[in-house]
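Notes for the one structure printed next.
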Amino acid sequence: MKSIVIILLLLVGTSLCAQHLTYNEWLEKAALDMRLAPRFGDRVKNAAQKESDAEFLRLMRAQDSVPRSASGQLVQHGFEMLRKGDLTAAMYRFNQAFLVDSTNTDAYWGYGSFFMELDRPVIAHTMYRAGLSVDSTNTHLLIGEATAYLAEHHALAPTDSLAAMEPVHKALGMLEKAQRYDPRDPGLLYRMSVCHFLRNECDKARAYFTRARNAPKAPIEPDYEQRLNARCPPR
Numbered sequence: 434m435k436s437i438v439i440i441l442l443l444l445v446g447t448s449l450c451a452q453h454l455t456y457n458e459w460l461e462k463a464a465l466d467m468r469l470a471p472r473f474g475d476r477v478k479n480a481a482q483k484e485s486d487a488e489f490l491r492l493m494r495a496q497d498s499v500p501r502s503a504s505g506q507l508v509q510h511g512f513e514m515l516r517k518g519d520l521t522a523a524m525y526r527f528n529q530a531f532l533v534d535s536t537n538t539d540a541y542w543g544y545g546s547f548f549m550e551l552d553r554p555v556i557a558h559t560m561y562r563a564g565l566s567v568d569s570t571n572t573h574l575l576i577g578e579a580t581a582y583l584a585e586h587h588a589l590a591p592t593d594s595l596a597a598m599e600p601v602h603k604a605l606g607m608l609e610k611a612q613r614y615d616p617r618d619p620g621l622l623y624r625m626s627v628c629h630f631l632r633n634e635c636d637k638a639r640a641y642f643t644r645a646r647n648a649p650k651a652p653i654e655p656d657y658e659q660r661l662n663a664r665c666p667p668r
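Just so you know, the sequence shown maps onto residues 434 to 668 in the numbering used here.
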């Protein structure tokens, strides 16, 4: 992984300062730089860009001859950049992952997560669904799709509590699909608890919360247990 990161720094020239973006800033930058658009915006590349891609692929193959493995490392590095708030570098990595192996649907997981960071769940849905159209069993995409639905619930809840429940039901459906393939995923367990909590299904909410809490690295919000205990007191 270390050598791959060195290649990235040499070829991409990532800034030492994290590049935070708003949605409008992204629109402006992506119009000028196809590397900031998912799948390079499906734009036609010129000769210089094709040559640059070929050199990048050559260097990547020298470090890892298995495209899926190399692509997976790039996706993970993209998420590291996303967690640091460097959205520009994150999208570069997700696109590089797609370049190395266009069949790796985790690249779409990265694309969707990028737009979730920009608070654009509707666009995130299109990315997750594009990946699911290729691999309907990708649990990262199924859980990502559920997370986007929960974001829609959060946006609707203050003004229309009834309409806000529809995306919760859809989120639960996506999580139940993901559960068939990876029932122990910590993020899945936590989101299952949240869905049942929002549906006032206390027994299931508590059961999934207990499993999530006992799982390693479960992404549980700090105040969730307090809210769960208030609505669904432990017996």
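Note that beta-carbon positions come from the ideal geometry of N, C-alpha and C, so glycine has one too.
Exercise. Can you give the Cα-Cα distance for Ser610 and Gly505, rounded to whole angstroms?
Worked result: Reading off the sequence, residue 610 comes out as Lys, not Ser. Distance between the alpha carbons of Lys610 and Gly505 is about 23 angstroms.
For this session: Ignore the nearest five residues each way along the sequence and tell me which others in Phe527's own chain have a CB closer than 8 angstroms to its CB.
Result: For Phe527, same chain residues with a beta-carbon under 8 angstroms away, outside a window of 5 residues either side, are Pro471, Leu507, Val508, Gly511, Ala540, Gly543, Tyr544, Phe547 in chain order.
Exercise. Considering only residues of the same chain and omitting the five flanking positions on each side of Arg473, which have a CB-CB separation below 7 angstroms?
Worked result: A small correction: the amino acid at residue 473 is Phe; Arg does not occupy that position in the sequence shown. Met467, Asn528, listed in sequence order.
For this session: Using a threshold of 8 angstroms, state whether the C-beta atoms of Leu622 and Arg639 are closer than that.
Result: Not closer than 8 angstroms, so no.
For this session: Measure the C-alpha to C-alpha separation of Glu585 and Asp519 and round it to an integer number of angstroms.
Result: Whole-angstrom Cα-Cα distance: 24 angstroms.
For this session: Return the chain-ordered list of same chain residues with a C-beta closer than 8 angstroms to the C-beta of Asn633, the five sequence neighbours on each side being excluded.
Result: Arg664, listed in sequence order.
Exercise. How would you call Leu388, buried or exposed, if buried means at least 16 neighbouring beta carbons within 10 angstroms?
Worked result: Missing from the structure shown is residue 388; the chain here goes from 434 to 668 and no further.
Problem set entry | Distance CB(Pro667)-CB(Pro619) smaller than 8 angstroms | The Cβ atoms of Pro667 and Pro619 do not sit closer than 8 angstroms to each other.
For this session: Reducing DSSP to helix, strand and coil, say where His558 ends up.
Result: In the structure shown, His558 sits in a helix (DSSP, three-state: H, G or I).
Exercise. Roughly how many angstroms separate the alpha carbons of Thr447 and Arg516, rounded to a whole number?
Worked result: Residue placement at Thr447 cannot be trusted, given a pLDDT of 40 that sits under 50; the coordinates are not used to answer.
Problem set entry | Pairwise C-alpha distance: His602 and Gly577 | Their backbone Cα atoms lie some 15 angstroms apart in a straight line.
Exercise. Curious, which full-length alpha helix (DSSP H) runs of at least 4 residues does the segment 478-551 contain?
Worked result: Segments of the alpha helix (DSSP H) lying fully in the segment 478-551: 480-496, 500-517, 520-533, 539-550.
Exercise. From Tyr614 to Thr592, what does the alpha carbon distance come to, in whole angstroms?
Worked result: Computed Cα separation, rounded: 36 angstroms.
Exercise. With distances taken from CA atoms, which of Ala522, Arg624, Val555 is nearest Pro652?
Worked result: Measuring from the Cα of Pro652, the nearest candidate turns out to be Arg624.
Exercise. In three-state DSSP terms, what is Val438?
Worked result: For Val438, the pLDDT reaches just 40, beneath the cut-off of 50, and the residue's location in the model is therefore unreliable, leaving the point undetermined.
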